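Here numbering that gives the first Met the number 0 is used: the first residue of the sequence shown is 0, the next is one more, and so on.
Please read the structure below before turning to the comments.
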Amino acid sequence: MTIIWKKDLPLPMARPRYYDYEYLRADDLTQALDYLLARQNLAARLLRPMGVVSGLDLTATGSDVTVGQGVAIDGDGNVIVLPDNRRSALPGDGTFFVWIEYHEFLTDRRDEGGVAAETRWTEEGLVKVSATAPTDTAHAVLLGKVTRTGGTVTVQGTGRQVAGLRVPVGAIVPAVGAGSQAGITFPTDPGGGSGDEAYVRYWPYSGENTILRIANNNDPDDLIAFTQYGADRLRIGGGMLHLGSMEGVNVGAGQVVSALGFWGPGVQHAQFSFRAGKGFELVDRSADGPNLAYTEGSKPYADLAVKELKAATLRGRGGLSVVAEGALGLRATGGVSVVKDGSGNGDFTVQGSAWVNGHLNLPNWSWINGGTRLHIGGPERLHLLNAAGVYVGFGGVAGNDSGSLFVEKRGSFGGDVRVTGTLVAGADTPPIASWSGGGVSTFDLFASAAIYLGRESTGYTISLNAGTGVIKGKSKQFAIDHPLDAPDAAQRRQLIHAALEGPENGVYYRGEGRLENGAATVELPAYFEALTRAEGRTVQLTPVFEDDEPVSALAAGRVRDGAFRVRTIDGSPASHAFCWQVTAIRADLEPLAVEVPA
0 MTIIWKKDLP LPMARPRYYD YEYLRADDLT QALDYLLARQ NLAARLLRPM
50 GVVSGLDLTA TGSDVTVGQG VAIDGDGNVI VLPDNRRSAL PGDGTFFVWI
100 EYHEFLTDRR DEGGVAAETR WTEEGLVKVS ATAPTDTAHA VLLGKVTRTG
150 GTVTVQGTGR QVAGLRVPVG AIVPAVGAGS QAGITFPTDP GGGSGDEAYV
200 RYWPYSGENT ILRIANNNDP DDLIAFTQYG ADRLRIGGGM LHLGSMEGVN
250 VGAGQVVSAL GFWGPGVQHA QFSFRAGKGF ELVDRSADGP NLAYTEGSKP
300 YADLAVKELK AATLRGRGGL SVVAEGALGL RATGGVSVVK DGSGNGDFTV
350 QGSAWVNGHL NLPNWSWING GTRLHIGGPE RLHLLNAAGV YVGFGGVAGN
400 DSGSLFVEKR GSFGGDVRVT GTLVAGADTP PIASWSGGGV STFDLFASAA
450 IYLGRESTGY TISLNAGTGV IKGKSKQFAI DHPLDAPDAA QRRQLIHAAL
500 EGPENGVYYR GEGRLENGAA TVELPAYFEA LTRAEGRTVQ LTPVFEDDEP
550 VSALAAGRVR DGAFRVRTID GSPASHAFCW QVTAIRADLE PLAVEVPA
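So this is what it looks like as structure tokens:
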């Protein structure tokens, strides 16, 4: 393997050996100097990576740029020195790269013994300016970029290459101790002022017990920060320990911004998180390990055991559950209140038995919610007493007073609801007539068996069988408004019509058609064939004429495939209109039983 010294030259592996009476030539001295410089450059290259060591700052000078004096190291370990400030001209407007390279040249020419030659190699940094980046990145130390616009020069803050300490192998082993001569100590007062110091030290403080101290001293606003993924994740400042990202865009509501992860391989992984706008969460991350990437409610909550908890207020999002092996006691000198924020209402749920030694008093606008069932036992008759009456309502929707009332006699499945006045069901109910002795006022009435109107002693005048849909009554009459009476007339009348009756479940369809050349085809609805029986279909026709138009007697064919044909009886090519009516029997019902016992 060949170790490169500089400019692709191999590292010298031999040095001159000097002895008495040796005849030294220029090559011998040159080899000795190259050997020393090669080792020096190699050490610099190993310890200080390529870049600016000190100085070499860029400043705008008129329409040019000035490079301040300073020192840098190139990729070969050559020490580049700029002994004084150098002003470099910019070739015009635009953005330019400024860098420095190692440069050596011959100086101090002499004429001795008839031989004239330069007697010194002089080293000095060479400043270069170009609109393109340097191509020899191993020997060009970039100092930065400048932009000139209309003669005004601006120095950019990016692109500067800075040297640093590098340890390619082994470890940095500082001295152990608590004093200023141990550990790692940073330069004092970097921002001016006095008394500012920062250091890392390690020492035993009691027997074999040791302490590692990381310090940033003097001002309360001095910070110690641990950065990960481009932002401070842990920061100490102002006497506080901060968790989370201190920089970047604002977090959104509901976003987890910081967390403490509890990690144990093979056991439960827990995470104590803070969610913006929500609060703290202790969740179980056993499936995937602690991190910030989880949505609200996607992970189960972990258990938190507390021997004694004293708090002015306890809040539980989604519920607050208290589990105790023994009896749970809630004791307060002012009593225990269950309320809902923003109102005087709240829920108190008991899964089991709740014993009240005394009266259970509910304030105004409160209720008892039994969940799926509410059983009220006792040897005496139950009384529901209220000055404004008793309502059975559904409390699931605000403003909805509809509900169900089931009355069951204990020990059997029969019970009676006796209403001495009016039974009102629902909020939107019609008023009971003033002449009524009582009744049921409701929006809808449902029955799974039958509804009877009348008395058993005199016979039920009208009955409705909810199972078969059969309505029984001597006459099916309907009252409709008289069409000749205005709505605001002083005396209004009604028309009493009765339903047309027949011994079949019949349907009819009617319409109007027109003959063309003595014939026509009438299409019935598409569902006609599925709804009606094939037998018992009848067609009635009525010719229609306009003015003195001649008409012909008509005949109809049988209804098949949802249509029937019409033609003139005498075969004349008439083209007048006609009215038609088709009557059929429904196919989805059994034939009507006409004569049945009373």
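Even glycine gets a Cβ: it sits at the ideal position worked out from N, Cα and C.
Small disclaimer: the values here were computed from a predicted structure and weren't measured.
Proximity to residue i [Cα-Cα], best of the options
| i | options | result |
| --- | --- | --- |
| residue 553 | 526, 512, 204 | 512 |
| residue 138 | 116, 122, 102 | 102 |
| residue 5 | 31, 24, 528, 41 | 41 |
| residue 503 | 533, 593, 557, 420 | 593 |
| residue 63 | 72, 94, 81, 48 | 94 |
| residue 525 | 540, 508, 321 | 508 |
| residue 34 | 8, 50, 48 | 8 |
| residue 424 | 435, 443, 416 | 443 |
| residue 10 | 53, 298, 590, 75 | 75 |
| residue 597 | 460, 581, 360, 501 | 460 |
| residue 120 | 32, 222, 53 | 32 |
| residue 372 | 125, 349, 582 | 349 |
| residue 582 | 510, 361, 573 | 510 |
| residue 238 | 220, 259, 23, 260 | 220 |
| residue 176 | 170, 187, 205 | 205 |
| residue 264 | 289, 331, 70, 378 | 289 |
| residue 586 | 528, 595, 544, 548 | 528 |
| residue 523 | 515, 514, 538 | 538 |
| residue 545 | 383, 575, 567, 501 | 575 |
Which residues DSSP lists as bridging residue i, in chain order
| i | result |
| --- | --- |
| residue 197 | 215 |
| residue 86 | 65 |
| residue 451 | 462 |
| residue 203 | 209 |
| residue 471 | 462 |
| residue 117 | 108 |
| residue 492 | Residue 492 pairs with nothing; no bridge assigned. |
| residue 438 | 421 |
| residue 141 | 98 |
| residue 146 | 94, 153 |
| residue 682 | In the structure as shown, the chain starts at 0 and stops at 597, and residue 682 therefore has no counterpart that could be examined. |
| residue 564 | 520 |
| residue 659 | Here the chain has residues from 0 to 597 only, and residue 659 is not among them. |
| residue 579 | 510, 540 |
| residue 53 | 70 |
| residue 189 | Residue 189 is not bridged to any residue. |
Close Cβ partners of residue i (< 7 Å) along its chain, the five nearest in sequence each way excluded
| i | result |
| --- | --- |
| residue 183 | 173, 198, 199 |
| residue 98 | 127, 133, 139, 140, 141, 142 |
| residue 421 | 431, 437, 438, 440 |
| residue 180 | 174 |
| residue 429 | 440 |
| residue 27 | 15 |
| residue 86 | 60, 63, 65 |
| residue 276 | 252, 253 |
| residue 194 | 217 |
| residue 520 | 562, 564 |
| residue 584 | 503, 504, 505, 531, 532, 535 |
| residue 203 | 209 |
Neighbourhood of residue i by C-beta, 6 Å cutoff - its chain only, sequence neighbours within 5 removed
| i | result |
| --- | --- |
| residue 244 | 230 |
| residue 257 | 242, 243, 273 |
| residue 216 | 196 |
| residue 496 | 477 |
| residue 56 | 67 |
| residue 479 | 494 |
| residue 540 | 553, 555, 577, 579 |
| residue 471 | 462 |
| residue 37 | 4, 10, 11 |
| residue 446 | 465 |
Neighbourhood of residue i by C-beta, 8 Å cutoff - its chain only, sequence neighbours within 5 removed
| i | result |
| --- | --- |
| residue 211 | 199, 200, 201 |
| residue 449 | 462, 463, 464, 465, 466 |
| residue 570 | 517 |
| residue 189 | 195 |
heavy atom of the ligand COA below 8 Å from residue i C-beta
| i | result |
| --- | --- |
| residue 510 | Judged by which ligands are present, the structure shown has none, so any question about the ligand COA falls away. |
Chain D contact for residue i (CB, 9 Å cutoff)
| i | result |
| --- | --- |
| residue 65 | Reference to chain D is not applicable here, since this structure consists of a single protein chain. |
Beta strand (DSSP E) runs wholly inside the segment 496-560, at least 3 long, in chain order: 505-513, 518-522, 537-543, 553-555
The segment 280-298 touching the segment 326-335, judged by at least three CB pairs closer than 8 Å: no
Continuous alpha helix (DSSP H) assignments of at least 4 residues falling wholly in the segment 235-317: Assignment of alpha helix (DSSP H) within the segment 235-317, counting only whole runs of 4 or more residues, yields no such run.
Cβ pair count under 8 Å reaching 3, the segment 558-566 against the segment 479-489: no
Contact between the segment 73-92 and the segment 104-112 (3+ Cβ pairs under 8 Å): no
Every unbroken alpha helix (DSSP H) within the segment 17-50, with a cutoff of 4 residues, ordered by chain: 25-46
The segment 154-161 / the segment 110-117 touching (three or more Cβ pairs under 8 Å): no
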